[in-house]
């Protein structure tokens with residue numbers, strides 16, 4: 002055993018990170034805690050991308066890591082969010098039509114991302130106490146594919162604690178049984 006452990010060799014080829022083992026396959030009841038279907042960055046490492054990365058490479062990263070959104074970094078700070086919908090939708094074409102760039106391959110993440118100041122966010126403490134059905138209703142109502150979950154630090158800075166994905170909630174949250182009204186719908 003020690004011989005195998007101690008026989009190191011040089012690495013060859015490219016290095017990749019293993020896909021994340023996200024526990025998003027389990028169905029949950031609308032009345033269960035919403036945190037069962039969110040990506041909590043204290044438990045799962047956020048996947049990030051530099052704003053200068055080509056959008057096709059960013060999409061390849063999403064596929065490799067099994068995610069549909071990446072936090073965009075500028076000088077180690079969050080500058081925005083980019084989703085697979087942004088890359089595969091009309092945004093690249095709209096950008097090319099209004100810029101001096103000519104080719105899709107020249108479009109960078111920073112050109113089409115949603116900037117930090119335009120992102121929608123929910124308070125972490127509120128989400129911590131919310132039910133899955135309630136958060137699913139919020140995601141549908143605001144019409145966004147992702148919402149940031151913000152926790153206020155002791156110094157009042159916004160700390161991105163997690164991410165809520167509408168697609169993940171729609172996959173995981175079972176419809177309420179007929180005749181039963183969810184707490185989210187009863188409140189509206």
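Residue numbers (the working numbering): 2 to 189.
Just so you know, even glycine gets a beta-carbon here, dropped at the ideal spot from N, CA and C.
Keep in mind that this is a model prediction, so the values were computed, not measured.
Backbone CA spacing between residue i and residue j [nearest angstrom]
i, j, result
"residue 186", "residue 142", "Unreliable positioning characterises residue 186 in this predicted model, as indicated by a pLDDT of 48, which lies under 50. The coordinate reading is nonetheless provided below. Approximately 12 Å between the Cα atoms of the pair."
"residue 123", "residue 42", "15 Å"
"residue 82", "residue 117", "7 Å"
"residue 183", "residue 170", "With a pLDDT of only 47 at residue 183, under the threshold of 50, the placement of this residue in the model should not be trusted, and no figure is reported."
"residue 189", "residue 100", "Bear in mind that a pLDDT of 46 at residue 189, under 50, signals an unreliable position, so the number given afterwards is only what the model happens to contain. Distance between the alpha carbons of residue 189 and residue 100 is about 44 Å."
"residue 96", "residue 160", "30 Å"
"residue 66", "residue 48", "8 Å"
Bounding residues of the beta strand (DSSP E) (the contiguous stretch that carries residue i)
i, result
"residue 147", "147-153"
"residue 83", "78-84"
"residue 174", "Here residue 174 belongs to no beta strand (DSSP E), and DSSP marks it neither H nor E."
"residue 68", "Where residue 68 is concerned, there is no enclosing beta strand (DSSP E), given that its DSSP letter is neither H nor E."
"residue 49", "49-51"
Given residue i as reference, the closest of the options once Cα atoms are compared
i, options, result
"residue 79", "71, 57 and 85", "71"
"residue 90", "139, 57, 137 and 37", "57"
"residue 40", "176, 162 and 131", "162"
"residue 76", "93, 50 and 46", "50"
Integer-rounded CB distance, given that residue j should sit under 8 Å from residue i
i, j, result
"residue 114", "residue 87", "7 Å"
Residue i: first and last residue of the uninterrupted alpha helix (DSSP H) it sits in
i, result
"residue 121", "Here residue 121 belongs to no alpha helix (DSSP H), and DSSP marks it neither H nor E."
"residue 54", "Looking at the DSSP string, residue 54 is not in any alpha helix (DSSP H), and its letter there is neither H nor E."
Reduced DSSP secondary structure (H/G/I, E/B, other) of residue i
i, result
"residue 158", "coil"
"residue 31", "coil"
"residue 90", "coil"
"residue 44", "coil"
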